[in-house]
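All remarks here apply to the structure that follows.
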Ligand SMILES: N[C@@H](CCC(=O)N[C@@H](CS)C(=O)NCC(=O)O)C(=O)O
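In full-length UniProt numbering, the protein residues as written are 1 to 226.
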């Protein structure tokens, strides 16, 4: 989809951090549509969000009656954007193969953040779950990338939702989660295989995402050894 006079404009409401909005930012940027980001005052603006949390996507005049279409839940927002801008195939099985990765990645993110608040034995156990899940997802990414000919894409030969979502997953740990646990950056970096590094490079060098990398910083430079 390329922007023209009938293309709707979008607002993405989120905090000024990578968190749960990075894939949606990438989808909106890669789609070359008109969009802006809002950082609502918090918690003052909490009651004004449909589910009381962020991210929230607003598609101007996008609802059936011509009012704004407002969508909550990061996964639903991503799926809506990925389908709207055709970053997923139309075949139901192929799209499901991409979406299952995003859901697993979110489980790994949740496992990481939930153990931060725990103490002693419970923390150790949850940390173990996180380590195990991290091993599994990096193995899955690597296998898929190899199976796809190590062309830097998880599926097919073009930038897809799965590519952007996997990129945002590694970025979250290496460029954001380190604020909460200084060690997690090197832990995740150690698991980055040559295939995953190629994915990160491929996503960053895609002309559709040039603007995003220029604005939000390069992950490749964080991953490469100094
Ligand atoms: N399941 C939701 C979780 C959203 C969520 O927990 N958002 C956090 C930021 S990452 C938030 O809004 N926190 C502030 C609050 O709940 O008051 C999603 O995936 O969008």
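All residues carry an ideal CB built from backbone N, CA and C; glycine is no exception.
It should be emphasised that the depicted structure is a prediction, and the values quoted were computed from it without experimental measurement.
Roughly how many angstroms lie between the CA atoms of residue i and residue j, to the nearest whole one?
i: residue 204; j: residue 168; result: 11 Å
i: residue 210; j: residue 219; result: 13 Å
i: residue 92; j: residue 113; result: 32 Å
i: residue 200; j: residue 48; result: 36 Å
i: residue 174; j: residue 121; result: 26 Å
i: residue 223; j: residue 65; result: 47 Å
i: residue 20; j: residue 148; result: 27 Å
i: residue 30; j: residue 217; result: 16 Å
i: residue 101; j: residue 26; result: 17 Å
i: residue 197; j: residue 8; result: 35 Å
i: residue 152; j: residue 185; result: 22 Å
i: residue 83; j: residue 164; result: 14 Å
i: residue 73; j: residue 22; result: 13 Å
i: residue 13; j: residue 68; result: 14 Å
i: residue 157; j: residue 44; result: 45 Å
i: residue 195; j: residue 96; result: 22 Å
i: residue 208; j: residue 202; result: 11 Å
i: residue 52; j: residue 179; result: 25 Å
i: residue 170; j: residue 177; result: 10 Å
i: residue 154; j: residue 145; result: 5 Å
i: residue 118; j: residue 189; result: 24 Å
i: residue 150; j: residue 42; result: 43 Å
i: residue 106; j: residue 166; result: 10 Å
i: residue 137; j: residue 59; result: 33 Å
What three-state label does DSSP hand residue i in the structure shown?
i: residue 97; result: helix
i: residue 71; result: strand
i: residue 84; result: helix
i: residue 2; result: Any reading at residue 2 is ruled out, since the residue's pLDDT is 48, under 50, leaving its predicted position unreliable.
i: residue 132; result: helix
i: residue 193; result: coil
i: residue 116; result: helix
i: residue 78; result: helix
i: residue 10; result: strand
i: residue 213; result: helix
i: residue 37; result: strand
i: residue 57; result: strand
i: residue 62; result: coil
i: residue 106; result: helix
i: residue 47; result: helix
i: residue 163; result: helix
i: residue 18; result: coil
i: residue 153; result: coil
Shortest alpha-carbon distance to residue i belongs to which of the options?
i: residue 15; options: 40, 108, 70; result: 40
i: residue 139; options: 22, 156, 116, 104; result: 104
i: residue 75; options: 188, 183, 56, 44; result: 56
With a cut-off of 8 Å on the beta carbons, I'd call residue i and residue j a contact; round off their distance for me.
i: residue 78; j: residue 24; result: 6 Å
i: residue 18; j: residue 172; result: 5 Å
i: residue 98; j: residue 88; result: 6 Å
i: residue 193; j: residue 142; result: 5 Å
Consider the Cβ of residue i: report whether some Cβ of chain B lies at a distance smaller than 8 Å.
i: residue 192; result: Chain labels in this structure do not include chain B; a single protein chain is all it has.
Please return the same chain residues whose Cβ sits closer than 6 Å to the Cβ of residue i, not counting the five positions on each side in sequence.
i: residue 2; result: Because the pLDDT at residue 2 is just 48, under 50, the model does not fix this residue reliably, and the point stays unresolved.
i: residue 206; result: 159
i: residue 35; result: 10, 28
i: residue 133; result: 108, 111
Going by beta carbon distance, what residues of the same chain come within less than 7 Å of residue i, once the five residues before and after it are set aside?
i: residue 115; result: 123, 126, 127, 130
Any heavy atom of ligand 3 closer than 7 Å to the Cβ of residue i?
i: residue 55; result: Here the bound small molecules are ligand 1; ligand 3 is not part of this structure.
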